[in-house]
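In this note's numbering, the protein residues as written are 8 to 151.
By construction, the Cβ of each residue, glycine as well, lies at the ideal position given by its N, Cα and C atoms.
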């Protein structure tokens, strides 16, 4: 399990090192969802949440589809929406051909990366630091 306070403190230190004033607020899980799911405008500029899965379907399906916005009962708290991503996730989820599914998820990953919705700061036990003006970001194949 990831430690959200330690992770938030590391992010805070990195951002303060480049001139940002960062305040950390922690919440009980349901209170956190109550703050994040309606949107952060006027409340915060970013939020940190940890997800883990060993299945390429679970996380993107719950967190990237337009149909997974919080007001629709989902966990897409960033309100990301891309019809092509929606289509690829549905196609990959319904396919029984593992090679086809892999290609569909790879295409979905490329689109999400190009849309710059966000990126993982930690994968396993390795901390990846945010970079201002990120031009290339390569991730382990074990992330979604």
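Asked: Cβ-Cβ distance between residue 77 and residue 88 below 8 Å; Found: no
Asked: Beta-carbon separation (whole angstroms), residue 119 vs residue 71, contact threshold 8 Å; Found: 6 Å
Asked: Cβ-Cβ distance between residue 67 and residue 14 below 8 Å; Found: no
Asked: Outcome for residue 18 when other beta-carbon atoms lying within 10 angstroms are tallied against a minimum of 16; Found: buried
Asked: Under the three-state DSSP convention, the category residue 41 falls into; Found: helix
Asked: Cβ neighbours of residue 42 in the same chain (closer than 7 Å, five flanking residues each side left out); Found: 34, 50
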